[in-house]
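For reference, the structure discussed in these notes is given below.
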Amino acid sequence: MRKLITKKIPVSEEEKRQRVEDYNYFENANIDVEEFIKRDIYDEYVELICLKCGHKDEIEYDLLLEMFEFDDVDVPELECPFCKGGTVIPSQFLDEYKKKNRK
Ligand SMILES: [Zn+2]
């Protein structure tokens, strides 16, 4: 897969607390909650756009990587949940796809 442009969104203190408490609980771990909250944690998102209906969406980068982990794809393509048969791609490739389709 080609390198994707991601948007980094800082995770709120509340969310960090929730995550580390969940992790400690479910994984039977003992991470220092206060220490963890002091760290800067980001979620990375990839902006997606549908080639057919133009619907914009965001997906977590990690989730996208997981979905295409075993696929040897150049650009990840998803099916649009809003229109029938639309192809959703990371919006950074939009111009490239438009040019390709004009040929
Ligand atoms: Zn669509």
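FYI, in my numbering the residues of the sequence shown are 3 to 105.
For every residue, glycine included, the Cβ atom is placed at its ideal position computed from N, Cα and C.
It should be emphasised that the depicted structure is a prediction, and the values quoted were computed from it without experimental measurement.
- Residue 53: not part of any beta strand (DSSP E); DSSP gives it neither H nor E.
- For the 8 Å CB-CB criterion, residue 82 and residue 90 form a contact.
- With contacts defined as CB atoms closer than 8 Å, residue 9 and residue 49 qualify as a contacting pair.
- In terms of side-chain proximity, the C-beta atom of residue 84 is found nearer than 7 Å to a non-hydrogen atom of ligand 1.
- Three or more Cβ pairs drawn from the segment 8-26 and the segment 40-48 lie within less than 8 Å of each other, which places the two stretches in contact.
- The beta carbon of residue 54 sits closer than 7 Å to at least one heavy atom of ligand 1.
- Residue 80 has 90 as its beta-bridge partners, per DSSP.
- Taking C-beta atoms under 8 Å as the contact rule, residue 51 and residue 93 qualify, at a distance of about 4 Å.
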